[in-house]
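First comes the structure, then the notes that go with it.
Numbering (our numbering), first residue to last: 3 to 277.
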């Protein structure tokens, strides 16, 4: 699909079930500093990892309506659960109005390029792991990547509540990483956008034995390539663009959490999906 280059000044839309996708938004902002971002965190319905496919698809369509009204040139599904459940539906729904990028395909391609014939672990929500989407797509590469997937449902609420970088998180992380499913892996793929915040603890646990893979930079590179190939990169600017951040359910605690996820303080605007 080719979009006229006159649309290059339009923003990039990014959405997630909450604020975990801000780790991906941060990577996009660093790689593409001239781009204006419109972020939507569906905090009223988090975590998506515990929701049905039908529910996630309904939320995704509603959020896409919001982002399309903001005239986004590209919509990034910065959530593994939503990418697994709704990527194809979102592409069909959005049609020619915007480009669509998900979390899964760029990461699968990266794993195939760097870990052919090797054992790779994956941790994510129940929805992401239960969908089996990573295994199916990695197997389609036919590169003998031996995937070991484990659902880690305690990690998202632990991070959302701020219980990381402490004894509680260390014990939970160790319990998951020492699970028999993940024994003998060469790399661990973080298939949830919350998990980069605890990547240092995971690396400390492995002490260099296992590479911990944060997909954020891989996905940001895919966004850059998608825009560049269609002459849709924003023109360089002297001042940083003003990003906009929406949440479907506002709480004060999220303002502090957004600073942790995005790397700087942001102003959240309440935007309920259903009145």
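Each residue gets a CB set at the ideal place from its N, CA and C atoms; glycine is no exception.
According to DSSP, residue 121 shares a beta bridge with 148. Here the segment 179-188 makes no contact with the segment 54-72; the two share fewer than three CB pairs at distances below 8 Å. Residue 141 has its alpha-carbon roughly 24 Å from the corresponding atom of residue 222.
For residue 226, the enclosing alpha helix (DSSP H) stretches over residues 218-230. Within its own chain, the residues whose Cβ lies closer than 8 Å to the Cβ of residue 91, once the five positions on either side in sequence are excluded, are 59, 62 and 63, listed in chain order. Each of 272, 9, 132 and 258 was checked against the Cα of residue 161, and the nearest Cα belongs to 258. A contact between stretches requires three or more CB pairs, one per stretch, nearer than 8 Å, and the segment 213-233 meets this requirement with the segment 195-204.
Look at the beta carbons and you see the segment 42-57 touching the segment 9-27: at least three pairs across the two are nearer than 8 Å. Remark: fewer than three beta-carbon pairs, one from each stretch, lie closer than 8 Å, so the segment 123-141 and the segment 229-236 are not flagged as touching. For residue 126, the beta-bridge partners assigned by DSSP are 153. In the same chain as residue 41, and ignoring 5 residues on each side of it, the C-beta atoms closer than 6 Å to its own belong to 16, 27 and 247, in chain order.
Boundaries around residue 26 are those of the alpha helix (DSSP H), 24-33, since no beta strand (DSSP E) includes it. With 16 or more other Cβ atoms from the protein chains shown falling within 10 Å of its own Cβ, residue 44 counts as buried.
DSSP places residue 114 inside the alpha helix (DSSP H), whose first and last residues are 106-116. Spatial neighbours of residue 123 in its own chain (CB-CB distance under 6 Å, excluding positions within 5 residues in sequence) are listed in chain order as 150, 184, 187 and 190.
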